[in-house]
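Novice:
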Amino acid sequence: GRNYIQIGEYTDYLFPTLGCRFIAINDGIDTLEKENELMPFKNLVNEWYSRDQSKKVKSAKVARAKNGYFMGAYAPYGYIKNEQKQPPLLIDEHAAPTVLRIFEMRATGMGYRTIATKLNEEQIIPPREYYYNSIGKPNPKKGLKVWSDVVVRELLKNEAYIGNIVQMRKGTISYKNKTQVNRPEEEWIRAVGTHEPIVSMELWDTACKLANRGTVGKSNKDGEISLFSGLLKCGDCGRSMKFIRDSNTRKDGHRNNHHAYICCGYSQAGRAVCSPHRTRESIFSDLILNDIREKAQLITLDENAIIAEIKRKKQADTTSEQKAVEKKLQTLRHRLSELERLISKLYEEMVLEDIPREMVLDMMEKYKKEQQEKSILAAQLAEQLTHSQEVDNDIHEWVSLIRNSMGIDKLDRELLIKLVDKIVVGQKTVVDGVERQEITIIYSLVGQVD
114 GRNYIQIGEY TDYLFPTLGC RFIAINDGID TLEKENELMP FKNLVNEWYS
164 RDQSKKVKSA KVARAKNGYF MGAYAPYGYI KNEQKQPPLL IDEHAAPTVL
214 RIFEMRATGM GYRTIATKLN EEQIIPPREY YYNSIGKPNP KKGLKVWSDV
264 VVRELLKNEA YIGNIVQMRK GTISYKNKTQ VNRPEEEWIR AVGTHEPIVS
314 MELWDTACKL ANRGTVGKSN KDGEISLFSG LLKCGDCGRS MKFIRDSNTR
364 KDGHRNNHHA YICCGYSQAG RAVCSPHRTR ESIFSDLILN DIREKAQLIT
414 LDENAIIAEI KRKKQADTTS EQKAVEKKLQ TLRHRLSELE RLISKLYEEM
464 VLEDIPREMV LDMMEKYKKE QQEKSILAAQ LAEQLTHSQE VDNDIHEWVS
514 LIRNSMGIDK LDRELLIKLV DKIVVGQKTV VDGVERQEIT IIYSLVGQVD
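Take any residue in the sequence shown, count from 1 to its spot, add 113: that is its number in the working numbering.
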């Protein structure tokens, strides 16, 4: 057998208890005869062989994954497997436009379920059903064969659409236990630029940022998403602002219809939770459009000064935190070096027999455990520092977006999603007979820019 523990339980305990005679002809084993001392060693050798074969197979798969070979059972929706192996995936001209359209819909802020609903209304065949249709076989999976929010979400996370192949995302617990488990992302193997992408990096980044920010607009009964849906936040309770169709009647009896937003807290539970914060959409449009134009003009006049000011403000917010992280990371790295030295010294003392073996192994286990824990923490802190150092790239990207938006005369949702993280809306107040309202624009990448 290839599992010496399990085989031992059978041959040493279960079979004798049941009065069962075990014979292995090729290995010359017969439990009726008592001279089977070599059987445990043979089982152990068999297990070593099994383990070695498992390692070799895994190494071969890792090598193929690193070289960009696609090892999936079937290609991602929008692609077909290339029988010539390289490039591993070829664009499916029939399904690729749907993939591109899904990313474009997501880039405008549409939610996963809204996208799925739209695709189902247009009777577009979902990925699994499309695959079985393409190979001329019936789909063995029963149930509704439609697009779902889960299918859309997984499609939008697949890096195959930007030309990358990400594999080894799952693995088995061990060579003995074939149960599939998810691997941590740092163990995934990512081969970059292996085939022609369907989606541009700009469109991919926009869709990914929406997923990270959670900025998703809800559609109305007509399937349309309002301009500021998902971007407006109440300045008092922190809830989102809800789109409404509002109207008022003039003195001459004529009714004016317009779009507006109110606090969701007020909409759901009234003034016991929050005040209305009712604001017309046109106010937000004019405010943001003017702010973008103003900042674009300032960037044109002195781009370096604007970058320096934003950098100064962001660094003031992060410098103290960054210094604390750097100090903690330095302490951790010093301790890791010390642990490495202590472990090496223990090996030497064990060889020289200066310390009893049991004591050495006990201390070694403690040092190794501490080393592992501190290595993980050090990696996390180093990642925090790397994120802090990406501030410059974010500022330059924001400046470029604002500069390119200088000539716009009307806002659209795609531009808003790129530029704005959220808009914080205060309640209207009246001071000396003048109505006032505080509205704060929080830009993507850089935050509030005064």
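Using N, Cα and C, we set each Cβ at its ideal position, and we do this for glycine too.
Helix, strand or coil for Tyr-556? Go by DSSP, reduced to three states.
Specialist: On the sequence shown, residue 556 is found 443 positions in, with the first residue counted as 1. In the structure shown, Tyr-556 sits in a strand (DSSP, three-state: E or B).
Novice: Can you tell which of Gln-293, Ser-518, Lys-291, Asn-252 has its C-alpha closest to the C-alpha of Leu-402?
Specialist: The residue labelled residue 402 in the question sits at position 289 within the sequence shown. For the residues Gln-293, Ser-518, Lys-291, Asn-252, the minimum Cα distance to Leu-402 belongs to Ser-518.
Novice: What residue does the beta strand (DSSP E) around Asp-534 start on, and which one ends it?
Specialist: As a working mapping, residue 534 is identified with position 421 in the sequence shown. Where Asp-534 is concerned, the enclosing beta strand (DSSP E) stretches over 533-538.
Novice: Beta-carbon within less than 8 Å of Asn-295's beta-carbon, same chain only, minus the 5 sequence neighbours each way: which residues are those?
Specialist: Here residue 295 is taken as the residue at index 182 of the sequence shown, counted from 1. So the list reads Arg-282, Lys-283, once near-sequence residues are dropped.
Novice: So which of Lys-198, Ile-530, Trp-161, Tyr-190 has the shortest CA-CA distance to Ala-178?
Specialist: Your numbering for residue 178 matches position 65 in the sequence shown. The option with the nearest alpha carbon to Ala-178 is Lys-198.
Novice: Cutting at 7 Å between CB atoms, please list the residues of its own chain near Ala-320, excluding the five before and the five after it.
Specialist: Numbered from its first residue, the sequence shown carries residue 320 at position 207. The answer, listed in chain order, is Phe-216, Arg-219, Ala-220, Leu-269.
Novice: Would you mind working out which of Ile-357, Ser-353, Leu-529 sits nearest Asp-404, comparing C-alpha positions?
Specialist: As a first step, residue 404 must be located in the sequence shown, where it is residue number 291. Nearest C-alpha to Asp-404: Leu-529.
Novice: What does the alpha-carbon distance come out to for the pair Leu-344 and Glu-510?
Specialist: Here the question's residue 344 lines up with position 231 in the sequence shown. Here the question's residue 510 lines up with position 397 in the sequence shown. The alpha-carbon atoms of Leu-344 and Glu-510 are separated by roughly 20 Å.
Novice: Can you give me the C-alpha to C-alpha distance between Ala-209 and Ser-557, rounded to a whole angstrom?
Specialist: Walking along the sequence shown from the start, residue 209 turns up at place 96. Walking along the sequence shown from the start, residue 557 turns up at place 444. The straight-line gap from Cα to Cα measures roughly 30 Å.
Novice: Got a sec, what are the start and stop residues for the alpha helix (DSSP H) His-308 sits in?
Specialist: By 1-based counting over the sequence shown, the position of residue 308 is 195. It is not in any alpha helix (DSSP H) - His-308 carries neither H nor E in the DSSP assignment.
Novice: I need the straight-line Cα distance from Lys-523 to Asp-399, nearest angstrom please.
Specialist: As a first step, residue 523 is located in the sequence shown; it is residue number 410 there, counting from the start. As a first step, residue 399 is located in the sequence shown; it is residue number 286 there, counting from the start. Whole-angstrom Cα-Cα distance: 9 Å.
Novice: Could you give the first and the last residue of the continuous beta strand (DSSP E) run that contains Gln-280?
Specialist: As a first step, residue 280 must be located in the sequence shown, where it is residue number 167. Its beta strand (DSSP E) spans residues 278-280.
Novice: Should Ala-382 be labelled buried (16 or more other beta-carbon atoms within 10 Å of its own) or exposed?
Specialist: Start at 1 with the first residue of the sequence shown, and residue 382 comes out as number 269. That one is exposed.
Novice: Pairs of beta-carbons, one from the region 148-156 and one from the region 187-201, closer than 8 Å: are there three or more?
Specialist: Result no; under three Cβ-Cβ pairs closer than 8 Å.
Novice: Quick check on DSSP: helix, strand or coil for Asp-125?
Specialist: Here the question's residue 125 lines up with position 12 in the sequence shown. If DSSP states are grouped into helix, strand and coil, Asp-125 belongs with the helices.
Novice: Can you grab the Cα-Cα spacing for the pair Leu-449 / Tyr-480, in whole Å?
Specialist: In the sequence shown, counting from the first residue as 1, residue 449 sits at position 336. In the sequence shown, counting from the first residue as 1, residue 480 sits at position 367. So the alpha carbons of these two residues sit roughly 10 Å apart.
Novice: Run through DSSP, which three-state label would Asn-369 get?
Specialist: For the purposes of this step, residue 369 is taken as the residue at position 256 of the sequence shown. In this structure, Asn-369 counts as strand in the three-state DSSP scheme.
Novice: Tell me the rounded alpha-carbon separation between Val-533 and Val-312.
Specialist: Within the sequence shown, numbered from 1, the residue matching residue 533 stands at position 420. Within the sequence shown, numbered from 1, the residue matching residue 312 stands at position 199. Whole-angstrom Cα-Cα distance: 23 Å.
Novice: With a 10 Å radius around its C-beta and 16 neighbouring C-beta atoms as the bar for buried, classify Glu-478 as buried or exposed.
Specialist: Residue 478 sits at position 365 when you count from the first residue of the sequence shown. It counts as exposed.
Novice: Closest to Thr-130 by C-alpha separation, out of Pro-239, Thr-542, Thr-144, would be which residue?
Specialist: Stepping through the sequence shown from its first residue, residue 130 is reached at position 17. Selected option, being the one with the closest Cα: Thr-144.
Novice: Quick check on this structure: which residue in Leu-340, Gly-306, Arg-303 has the alpha carbon closest to the alpha carbon of Phe-397?
Specialist: On the sequence shown, residue 397 is found 284 positions in, with the first residue counted as 1. Out of Leu-340, Gly-306, Arg-303, Leu-340 has the C-alpha closest to the C-alpha of Phe-397.
Novice: Find out if the Cβ-Cβ distance for the pair Ala-304, Gly-181 is shorter than 8 Å.
Specialist: Looking up residue 304 in the sequence shown gives position 191. Looking up residue 181 in the sequence shown gives position 68. Result yes, Cβ atoms of Ala-304 and Gly-181 sit closer than 8 Å.
Novice: Measuring alpha carbon to alpha carbon, tell me which of Asp-359, Val-438, Gln-443, Leu-474 ends up nearest Ser-457.
Specialist: Stepping through the sequence shown from its first residue, residue 457 is reached at position 344. If we check each option's Cα against that of Ser-457, Leu-474 comes out closest.
Novice: Judging by CA-CA distance, which residue of Ala-176, Ile-237, Leu-232 is the nearest neighbour of Trp-301?
Specialist: Sequence index remark: in the sequence shown, residue 301 carries index 188 (1-based). The shortest Cα separation from Trp-301 among Ala-176, Ile-237, Leu-232 belongs to Ala-176.
Novice: Ends of the alpha helix (DSSP H) at Ile-508?
Specialist: One-based indexing of the sequence shown puts residue 508 at position 395. Note, Ile-508: alpha helix (DSSP H), 504-517.
Novice: Compare the Cα-Cα distances from Glu-235 to each of Glu-471, Ile-423, Gly-378, Arg-214 and report the closest residue.
Specialist: Residue mapping note: residue 235 aligns to position 122 of the sequence shown, counting from 1. Of the listed residues, the one whose Cα sits closest to Glu-235 is Arg-214.
Novice: Between Gln-540 and Ser-388, how many whole angstroms is the CB-CB distance? I'm expecting something under 8 Å.
Specialist: Counting from one through the sequence shown, the residue named residue 540 turns up at place 427. Counting from one through the sequence shown, the residue named residue 388 turns up at place 275. Between Ser-388 and Gln-540 the Cβ distance is about 5 Å, and since that is below 8 Å, they are a contact.
Novice: Let me confirm a value: Gln-280 is counted as buried when at least 16 other C-beta atoms fall within 10 Å, else exposed. Which label applies?
Specialist: Start at 1 with the first residue of the sequence shown, and residue 280 comes out as number 167. Gln-280 should be labelled buried.
Novice: By how many angstroms is the C-alpha of Lys-482 removed from the C-alpha of Glu-451?
Specialist: On the sequence shown, position 338 is the one that residue 451 refers to. On the sequence shown, position 369 is the one that residue 482 refers to. Those two C-alpha atoms are separated by around 14 Å.
Novice: Should His-207 go down as buried or exposed, given a rule of 16 or more other Cβ atoms within 10 Å for buried?
Specialist: Walking along the sequence shown from the start, residue 207 turns up at place 94. Classification for His-207: exposed.
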